[in-house]
Amino acid sequence: MYRSYESEAADRKDLELPPGVNELIEKVMEANPRTAKDMPTLVHAWFGSQETGSSIADILFGRHNPTGRLSVTFPRRLEDTPAFISYSKGVREMYYSEGVFVGYRYYKKLQNNPLFYFSYGLSYTTFKYSNLRVLERIELGGQGEQSFEVSVDVANTGNRDSHEIVKVYISDVEYTALQPHKELKGFAEVLDKYTLSYWDKEAEKWHAERGSLKVIISRSADPRDEVLEREFELEKDIYWTGVAEFTTADIVPDNKYPGYHLADNISVYFGVHSTYSCG
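Just so we're aligned: the sequence shown equals residues 1 to 279 in UniProt numbering.
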């Protein structure tokens, strides 16, 4: 891709290769009949810096086991993407109609089978998951930071040294608000209260809803990669604002600027939590 064709500030008209590239491929195939046309495997290298070539060679020739995972979802057809709903009508406006079902959540909602799921990846070895552990009943507080632990045993059952990336998904079995069927909540074992919550628009607060929830251990967002699951109960509904309150004296002490002081009745609010989505 060259600069005049690739852009981050404008929509592309299609997903075709730049002009002349297809013709170049055809000329190469005419000049060399041994050119591979239909390949069962493609290597997507992304942007791996100056050692990309050496790293790919080490993986392809078996000197190193691949452990990377996709950070996006690859659909089978352009028509399967949520953006196509707007593009197909020929309008210039782009509507993000998927709402909270962003990324892999959208394909799960529509029971759409993507070409490659979020977090898909290959390996020369295999792993066995067992002994999923989580408390059967969990009670969280309000504004205070609290956490709970999910543990699972992972064993390398192949003949190659490697490490495995274990994904923890949470599924609200009895949800009342519109939510994804399952969401990735972390790569570590210790999870906080935001793991079990969603932003309640009516209450204008974070809401961890009382009832049954499910921990799902999976290698990717593909339902076929789900290896273990365990239900647990959240004892009661919890609401909190997600902000902490400080007086200005906590932010700027009087002795920092001699001769000046801040009124004690002024409060400053700082957000203490941010969220991101993948896939």
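All C-beta atoms, glycine included, are put in the ideal place defined by N, C-alpha and C. Remember, it's a predicted structure, so these values are computed and weren't measured experimentally.
Query	Result
Alpha-carbon to alpha-carbon, S119 and V72	7 Å
Assumed close pair F127, E164 - CB separation to whole angstroms, cut-off 8 Å	5 Å
Which of helix, strand or coil DSSP assigns to F61	coil
Counted within 10 angstroms of its Cβ, other Cβ atoms place W206 as buried (16 or more) or exposed	buried
C-beta contact flag for S55 and G121 at 9 Å	no
Buried versus exposed, by CB contacts within 10 Å (16 or more), T195	buried
Three-way DSSP call (helix, strand, coil) for L132 in this model	strand
Burial state of R105 (16 or more Cβ within 10 Å)	buried
A208 - DSSP class collapsed to helix/strand/coil	strand
Nearest-angstrom Cα separation, counted from N32 out to E23	14 Å
Nearest-angstrom Cα separation, counted from A155 out to D237	37 Å
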